[in-house]
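Notes for the one structure printed next.
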Amino acid sequence: MKRNYLTLFTGAVLVVIFALMLFVFQVRQTEVAVVTTFGKYSHSITNAGASFRWPLPIQKVYKFDNRVQNFESKYDQITTKDARNILISVFVGWRIAEPKTFLERFGGGDIMSSADQSLDALVRNTKNSVVGQHTFNDLISTNRSQLKFDEIERQMLTMLRPQALANYGIGVQFLGIQRLGLPESITSKVFDRMKAERNRLVKEFQSQGDARAQEIRSEAERQRRQILAEAERKAIEIQGQADLEATRYYAVFAQNPELANFLLSLRTLEAATTNRTTLVLDQQTPPFNLLNPKLLELTNSTEKTELTRQ
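Under this note's numbering, the first residue of the sequence shown is numbered 5, with each subsequent residue one higher.
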């Protein structure tokens with residue numbers, strides 16, 4: 005009896021497992037599911053967990069990877085608004101936003117590969133349309149203020165999003181310019197233009213430097229003239245004061261010429277014998293004649309006489 009019960013229990017479990025496999029399916033956190041009934045769309049499941057379904061051929065479940073997919077466009081040549089050719093490629097991050105539209109558009113074959121191919125054509129048209137509205141300098145220029153990468157990327161994203169969602173059920177998350185280049189036919193011309201622009205800037209900076217140098221030289225010359233004029237004024241003032249003092253001394257010397265002559269000779273003698281100088285000269289040579297003892301005696305008697313008179 006126990007064996008019969010065990011056999012029945014095992015059979016019941018197998019039946020339950022088989023029923024679950026037929027009527028229940030699991031959706032993972034990174035997936036989105038689409039359920040069709042007799043080949044027609046029924047509903048979508050975007051939340052992870054177990055869900056009920058009727059077994060084949062009544063209902064069929066399609067599961068897609070719902071993580072962000074990375075797409076890189078081809079390195080295409082595009083013409084700008086001012087008729088310049090340029091090479092550009094962009095990268096796009098996308099995920100399934102409308103499972104029903106996505107299934108209907110890419111239901112057969114390699115779904116993700118078909119989605120990339122369709123997205124490539126859509127991105128190419130978007131690039132052509134947006135870049136065709138901008139000039140060459142908006143993308144390539146020696147002046148950073150002229151570049152409009154952010155604006156161009158924003159315009160591409162704004163144009164691509166509604167078309168990708170409506171046509172393919174794809175939600176574009178982000179878009180950016182990946183590569184930017186020039187065809188060989190115009191590379192040399194662009195380099196020549198960039199070189200000319202650099203030379204223009206060099207000449208402009210040199211001109212500004214020359215102008216600034218001239219301002220500095222002019223200011224220095226003005227200050228030099230001002231300093232010299234002030235120094236000349238002070239020199240004239242000092243010279244005037246010296247002349248005034250000299251006039252006073254000359255008036256005193258005019259009253260006693262002999263005393264003036266003696267003082268000048270004495271000052272000359274003092275200057276000549278300052279640094280232990282040894283001189284061999286005639287005692288009668290002025291001003292060394294002051295060292296003659298007889299003259300010194302005569303000078304002393306004269307000074308005493310003058311003091312007595314006073």
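Don't be surprised by glycine CBs; every beta carbon is placed ideally from N, CA and C.
Next item on the list: Kindly indicate the opening and closing residues of the alpha helix (DSSP H) around Arg165.
Entry: 153 to 172
Check: Can the beta-carbon of Val38 be found less than 8 Å from the beta-carbon of Asn70?
Finding: no
Margin query: By DSSP's criteria, Gly53 is part of a beta bridge. Which residues make up the other side?
Written below: Val31
Next item on the list: Assign Pro187 to buried or exposed, taking buried as 16 or more other Cβ atoms, counted over all protein chains shown, within 10 Å of its Cβ.
Entry: Taking a 10 Å sphere around the C-beta of Pro187, we find fewer than 16 other C-beta atoms and assign the residue as exposed.
Note to self: Closest to Arg128 by C-alpha separation, out of Val72, Arg202, Leu164, Gly111, would be which residue?
What the structure shows: Leu164
Margin query: I need the boundaries of the alpha helix (DSSP H) containing Arg109, first residue and last residue.
Written below: Here the alpha helix (DSSP H) through Arg109 covers 103 to 109.
Note to self: Which same chain residues end up closer than 8 Å to Asp124 when comparing Cβ atoms and leaving out the 5 residues on each side of it in sequence?
What the structure shows: Phe75, Ser77, Lys78
Check: Just the Cα atoms here: how many angstroms apart are Val94 and Gly213?
Finding: 43 Å
Notebook entry, point to check: So, are the CB atoms of Gly173 and Lys104 less than 8 Å apart?
Noted result: yes
Margin query: I need the DSSP call for Thr251, collapsed to helix, strand or coil.
Written below: helix
Check: Rounded to the nearest angstrom, how far is the Cβ of Gln137 from that of Lys85, given a contact under 8 Å?
Finding: 6 Å
Checklist line | Cβ shell of Ala239 (< 8 Å), same chain only, five flanking positions each side left out | finding: none
Note to self: Here's the rule I'm using: 16 or more other beta-carbon atoms within 10 Å means buried, otherwise exposed. How should Ala217 be labelled?
What the structure shows: exposed
Check: Exposed or buried, which one is Thr306 when buried takes at least 16 other CB atoms within 10 Å?
Finding: Bear in mind that a pLDDT of 47 at Thr306, under 50, signals an unreliable position, so the model cannot answer this.
Margin query: Since Val396 and Ile92 should fall inside the 8 Å C-beta cutoff, what is the C-beta to C-beta distance between them, to a whole number of angstroms?
Written below: This structure cannot settle anything about residue 396, because the visible part of the chain is limited to 5 through 314.
Notebook entry, point to check: Where does the unbroken beta strand (DSSP E) through Asn89 begin, and where does it stop?
Noted result: 89 to 100 is the extent of the beta strand (DSSP E) around Asn89.
Note to self: With H, G and I counted as helix, E and B as strand and the rest as coil, what does DSSP make of Val72?
What the structure shows: Residue state for Val72 is assigned as coil, using DSSP reduced to three classes.
Margin query: If I follow the unbroken alpha helix (DSSP H) through Asp120, where does it start and stop?
Written below: 115 to 135
Checklist line | Contact set for Gly315: own chain, Cβ-Cβ below 7 Å, skip 5 residues either direction | finding: Only positions 5 to 314 of the chain appear in the structure, and residue 315 is not among them; the question remains open.
Item checked: Reference Phe42, options Gly53, Pro61, Arg228, closest by Cα -> Pro61
Check: Helix, strand or coil for Ser211 per DSSP?
Finding: helix
Check: Under the three-state reduction of DSSP, which class applies to Asp86: helix, strand or coil?
Finding: coil
Notebook entry, point to check: For Ile49, which residues of its own chain have a beta-carbon under 6 Å away from its beta-carbon, when the five flanking residues on both sides are left out?
Noted result: Val31, Ala37, Ser55
Check: Does DSSP put Phe178 in a helix, a strand or coil?
Finding: It is a strand residue.
Next item on the list: Note down, in chain order, each residue of its chain lying with its Cβ closer than 8 Å to the Cβ of Ile82, except the 5 sequence neighbours on either side.
Entry: Asn89, Ile90, Leu91, Ile92, Lys131, Asn132, Val135, Gly136
Next item on the list: Could you have a look at Gly43 and say whether DSSP puts it in helix, strand or coil?
Entry: DSSP, read as helix, strand or coil, puts Gly43 in coil.
Check: Ser145 to Ala87, Cα distance in whole Å?
Finding: 16 Å
Next item on the list: Below 8 Å CB to CB, which residues in the same chain sit around Gly97 once its five sequence neighbours on both sides are set aside?
Entry: Val72, Gln73, Asn74, Phe75, Val176, Gln177, Phe178, Leu179
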